[in-house]
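To keep things clear, I will list the structure first and then write my remarks on it.
Residue numbers (this note's numbering): 381 to 683.
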């Protein structure tokens, strides 16, 4: 966190004004969260945590040697029919925590020597998460904060996080709002996603790692290749090159499988093929991206 504790608390107060009536995500559903009225995402007044762990499955500079202190919250502003984490993102499984309990959870993860606190899909609970983080002792507040998001964000929220979040880890999920609505019930995803990624890049810049290769600050952009090009991979990558540049750290993911309701979708009811992923890799190379994590397209697991 680069700003002072007092300034961070002032930002938190401004975020609270977006909490009720709720306008934390682009939906702006205006649910009265304080009295536990739920909106589209189904989140109420108290934070619900689905799971937490020292996670070693993130990108190498995030997981490092000791793992990333990953906190998966329940519920989600998006309604992806293929969500691999649907039991808690869509069905809401998890445990409600008080602020003191959440503070203790943060302290436990940090005591395990994790490299960061990794807030997964935090948008609808960012107020509660920051309230707890700002209650930590000053030395623990030096732990880098990762904002790990679907990329469906309210630009006003992201602006208020300037100097608080150290590492942004957004998805570029779609390049066409037809598919963002069809498969994720996320209207106006493309505009919201692109303007917030630009703001994230402005705030934190290119990825900065220490002498051990551990991320300290910066932007990592993820893109999941979907069957039948429903993610609009080439359009998204071209936009990323033109607006952010080829030095951005890019994570090109191939692990799609038809989870949750995707088996009922003729367009998404299979894994991606070797050829689909290879085409995406070839385009990444053609565009000249310099910092890319890719998965080996020769391994098993493709359709």
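All residues carry an ideal CB built from backbone N, CA and C; glycine is no exception. Everything numeric in this text was worked out from a predicted model, so none of it was measured.
- A straight line joining the alpha-carbon of residue 420 with that of residue 525 spans about 26 Å.
- Secondary structure remark: continuous beta strand (DSSP E) runs of at least 3 residues inside the segment 643 to 676, in chain order: 671 to 674.
- DSSP, read as helix, strand or coil, puts residue 443 in helix.
- Per DSSP, reduced to three states, the secondary structure at residue 473 is coil, with no helix or strand assignment.
- For residue 448, there is no enclosing alpha helix (DSSP H); the residue is found in the beta strand (DSSP E) stretching over 448 to 453.
- Distance check between residue 657 and each of 670, 674, 667 and 642 places 674 closest, using alpha-carbon atoms only.
- With fewer than 16 other Cβ atoms inside 10 Å of its own Cβ, residue 517 counts as exposed.
- Closest option to residue 529, judged by alpha-carbon separation, among 522, 523 and 537: 537.
- Residue pairing for residue 631: DSSP places it in a beta bridge opposite 602 and 673.
- Assignment of residue 433 by DSSP, reduced to helix, strand and coil, places it in the strand class.
- In this structure, the straight-line span from the alpha carbon of residue 422 to that of residue 455 is close to 6 Å.
- DSSP, read as helix, strand or coil, puts residue 547 in strand.
- Secondary structure at residue 565: coil, using DSSP grouped into helix, strand and coil.
- Annotation: residue 418 to residue 648 spans about 30 Å, alpha carbon to alpha carbon.
- The Cβ atoms of residue 402 and residue 413 sit closer than 7 Å to each other.
- In the structure shown, residue 608 falls within a helical segment according to DSSP collapsed to helix, strand and coil.
- Looking at 409, 382, 428 and 452, the one whose alpha-carbon comes closest to that of residue 497 is 452.
- Residue range 497 to 500 is occupied by the beta strand (DSSP E) that includes residue 499, with no alpha helix (DSSP H) assigned at that position.
- When the five nearest sequence neighbours on each side are left out, the beta carbons in the same chain lying within less than 6 Å of the beta carbon of residue 400 are those of 412, 413 and 414, in order along the chain.
- A straight-line Cα-Cα distance of about 42 Å links residue 390 and residue 642.
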